[in-house]
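*Asks:* Take this structure, written in structure tokens, and hold onto it; I'll ask about it next.
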Amino acid sequence: MKTFSLSKNERIKEKKIFDQLFKSGKTVLLKNNSLKIIYLTEKSDKTCVKIAVGISKKVGNSVWRNRLKRLIRNSYRLNKLNLIEMAKQKRMRIYILFSPINLNQSSSPKLKYFEIENQVVSLLESVRKKLDSFS
RNA sequence: AUAGAAUACCGGGCAAUUGCUACCUCGAAUAAAUUGAGGGAGAGGAAAGUCCGAACUUCAAAGAACAGGGUGCCGGUUAAUGACCGGGUAUUCCAUUGGAAUAACUGAAAGUGCCACAGAAAAUAUACCGCCCCGACUUGUUGGGGUAAGGGUGAAAAGGCGAGGUAAGAGCUCACCGCCUCGAUAGUAAUAUCGGGGGCACGGCAAACCACACCCGAAGCAAGGUCAAGUAGAAAAAUCGUUCUCCUUUUCGGAGAGGAGAGUUGUUCGCUCGAAGUGUCUUCUGUGACUGCGAUUUUUGGGUAGACCGCUGGAUUCCGAUGGUAACAUCGGAGCAAGAUAAAUAAUUGCCAUCCCCUGAAUAAAAUUCAGAGGACAACAGAAUUCGGCUUACAGGUUUUCUAUCAGU
RNA sequence: GCACCCGUAGCUUAAUUGGAUAGAGCAUCUGACUACGGAUCAGAAGGUUGAAGGUUCGAGUCCUUCCGGGUGUA
Numbered sequence: 763m764k765t766f767s768l769s770k771n772e773r774i775k776e777k778k779i780f781d782q783l784f785k786s787g788k789t790v791l792l793k794n795n796s797l798k799i800i801y802l803t804e805k806s807d808k809t810c811v812k813i814a815v816g817i818s819k820k821v822g823n824s825v826w827r828n829r830l831k832r833l834i835r836n837s838y839r840l841n842k843l844n845l846i847e848m849a850k851q852k853r854m855r856i857y858i859l860f861s862p863i864n865l866n867q868s869s870s871p872k873l874k875y876f877e878i879e880n881q882v883v884s885l886l887e888s889v890r891k892k893l894d895s896f897s
């Protein structure tokens with residue numbers, strides 16, 4: 763498998779998983795409240811990490827939403843290795859949903875890649891710490 | 001040259017690295033899902049709004065009338081349109097007899113309706129102030145009559161204007177204009193021009209109802225089809241139907257009529273489809289009750305929302321020729337150019353191009369040019385069955401035309 | 001995606017077939033009553049009828065185009 767890829771198998775596509783995430787997932791916020799992560803774990807021998815990006819229609823127009831989604835995905839696939847290693851060690855499946863909170867088009871019309879990447883990295887780190895301490 | 005308006009077009013480019021989507025080629029492995037390498041491909045002028053028009057699919061075939069909806073000068077283009085092109089007419093503007101822009105631009109003399117307030121009167125006309133005549137008397141008031149020129153009201157006042165005429169006036173009469181009507185000429189037509197006659201009757205609103213002419217069957221790719229999966233062919237209530245004849249007959253069965261109801265997205269007609277048809281009791285041979293069966297409607301509960309086809313080669317794009325004032329058509333040549341589905345088409349870096357700002361140099365200054373450093377990296381905006389239009393949003397740049405100002409010949 | 005509906009004061013709503021200043025209730029503010037507050041009584045303010053054009057003498061109402069919000073549909 764390629765190291766920095768993000769194929770269809772690493773994305774959430776099933777409606778059931780989305781329902782479970784919204785019903786019983788745990789949220790992690792950033793300090794400036796721009797992004798959040800909803801995550802869910804389950805024990806399984808077939809380890810995998812799947813992500814999705816959920817953006818409300820009221821946040822901005824389709825061009826802006828597409829760009830945010832692509833930036834989040836791109837920064838995830840460049841920084842996902844640690845999380846996958848941990849999932850292999852602990853033998854669990856991890857589902858992650860990214861979502862913007864206070865971020866919208868009127869407040870920040872131009873999105874910059876490095877800001878998004880920093881936020882994604884710190885979010886992934888905090889998720890990893892929580893999982894570590896939990897088990 | 002600068003500024004403005006219109007018009008047609010473009011909507012950053014190249015390279016590297018890391019990815020995404022489907023396809024092709026060569027491999028690996030397998031029951032299958034899969035996976036490795038390479039290759040070329042991958043958002044727009046509006047992809048948007050969903051305002052019109054079609055293709056395509058289903059509703060048996062897509063029938064008729066009414067209802068309902070749409071359009072509305074004339075001719076053409078088109079698969080089709082409410083779009084486009086050409087012409088006419090009206091209005092506005094500039095100018096001075098031409099030019100430009102805009103227009104839901106049929107009918108108010110088929111009928112119905114509305115026209116608040118004000119005003120005498122808002123459509124069968126009428127008379128407040130006036131003007132004029134006659135009578136009465138207290139000589140400036142009143143009674144009767146004529147009139148619609150002037151005033152006043154209003155968004156709108158009953159043909160306009162001038163002359164004659166008159167007590168005062170009035171299409172009462174006449175000229176010109178307008179209107180109605182008949183004819184001729186030009187034009188395919190809308191319409192225009194000219195001539196004769198009438199003698200004023202005909203206010204506005206049809207984006208009020210309506211009339212006339214033409215057009216429209218309905219729903220939409222979540223259409224529709226195939227496969228898989230499914231505690232699914234679930235329960236309750238109401239209504240209706242469960243009828244005849246013939247053939248072969250032990251039975252089973254077959255044919256015909258009838259048939260509740262369903263479809264035809266409003267109604268009617270027409271058309272099409274069309275299930276069950278059992279048993280028991282009662283009873284004066286037919287009726288009633290119950291049960292079973294079937295159909296429809298309503299309610300409750302539950303399941304799946306996966307894969308493939310539709311899905312991209314088409315009223316197709318580009319170039320040229322011919323015809324046409326033009327929209328466009330015909331012919332010839334070349335080309336194939338996204339197909340996702342929790343939804344791909346991206347991210348970073350470098351160079352170039354573009355724009356902004358600063359510093360230095362050239363020149364007396366501005367403007368301009370060159371060099372260096374820094375910043376922005378663009379606007380509007382993301383395919384979702386596919387096309388033709390319309391509408392709306394839009395940084396910057398290019399082409400052509402027109403207008404204004406300045407400079408030169 | 002496709003199809004469709006609705007916008008009136010801060011909130012909930014009226015407005016006859018186009019006719020005048022867009023009317024109510026709650027909330028808000030001011031005053032009265034009270035030792036103070038509530039309740040009550042009296043009064044005031046608050047609307048370019050979502051926006052822009054058009055038809056009309058006159059548009060909340062009729063027509064067109066935008067803006068915002070919502071619904072249905074396997």
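For the first sequence, the numbering used here assigns the number 763 to the initial residue and increments by one for each residue that follows. All C-beta atoms, glycine included, are put in the ideal place defined by N, C-alpha and C. Here the structure is a predicted model, which means the values were calculated and not measured.
#1: With 16 as the cutoff for other CB atoms within 10 Å, does Lys842 come out buried or exposed?
#2: So, for Arg835: in the same chain, excluding its five sequence neighbours on each side, which residues have a beta-carbon less than 7 angstroms away from its beta-carbon?
#3: Is the beta carbon of Gln881 closer than 8 angstroms to that of Ser796?
#4: Tell me which residues share the same chain as Glu804 and place their Cβ nearer than 6 angstroms to its Cβ, disregarding the 5 neighbours each side in the sequence.
#5: Between Val790, Tyr838, Phe784 and Lys872, which has its C-alpha nearest Asn823's C-alpha?
#6: Using CA atoms only, rank isn't needed, just tell me which of Lys819, Leu845 and Val825 is closest to Leu885.
#7: For a test of the three-state rule: what should DSSP assign to Glu847, helix, strand or coil?
*Replies:* Taking the geometry as given:
#1: Here Lys842 is buried, its C-beta having at least 16 other C-beta atoms within 10 Å.
#2: Counting only Cβ-Cβ distances below 7 angstroms, and skipping sequence neighbours, we find Leu768 and Val815.
#3: Against a cut-off of 8 angstroms, the Cβ pair of Gln881 and Ser796 comes out as a contact.
#4: Excluding positions up to five away in sequence, the list reads Arg855.
#5: Here the closest residue by C-alpha is Lys872.
#6: Of the candidates Lys819, Leu845 and Val825, the one whose C-alpha sits nearest the C-alpha of Leu885 is Leu845.
#7: Judged by DSSP in its simplified three-state form, Glu847 adopts helix.
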